[in-house]
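Below: the structure, in structure tokens.
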Amino acid sequence: MSKDTPRCDLCARTARYHFAVAEPAGDPLGATRCARHAIFYQPVRRSAQRIAAVVGTVLFGINQADVVFTGRLTPLVVVKSVLTYAVPFSVSTYSALRINRLRDRDHTG
Ligand SMILES: [Zn+2]
């Protein structure tokens, strides 16, 4: 580990991610986060929630709405409905982290 290893802004662990744009009123240089804090980074989480709400609702309508609205709700349908929202949330979060990950060339001279 070199002395140029980037550190998380919150806990000083080795940073794995850098987000170029922080909050509108935040640091104009962005935020550097370790894996644990990147997953819960508010802009990433908020974006994933919005995408999950839109995409999850569309998928729910396509796949589960007829079952739910005809009164055939079972525990399996409930689990499937939760997963219908969890999948786009997870994909959005993964994608944001993947795009903003630091590579070795980002912090070595
Ligand atoms: Zn951290």
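In this text, residue positions in the sequence shown follow this note's numbering: the first is 50, and each later residue adds one. Think of the CB as a built atom: it goes at the ideal place given N, C-alpha and C, for glycine as much as any other residue.
- Residues of the same chain with a CB within less than 6 angstroms of the CB of Arg56, apart from the 5 flanking positions on each side, are Ala64 in chain order.
- Uninterrupted alpha helix (DSSP H) stretches at least 4 residues long and entirely within the stretch 80-150 occur at 84-88, 91-112, 114-118, 124-148, given in chain order.
- With distances taken between CA atoms, Asn149 lies nearest to Phe68 out of Ala114, Asn112, Phe68.
- Arg121 and Ile100 have their C-alpha atoms roughly 27 angstroms apart.
- Not one heavy atom of ligand 1 falls within 7 angstroms of the beta-carbon of His67.
- A straight-line Cα-Cα distance of about 10 angstroms links Asp153 and Asp53.
- Arg82 sits close to Tyr66, with the two beta carbons spaced by under 8 angstroms.
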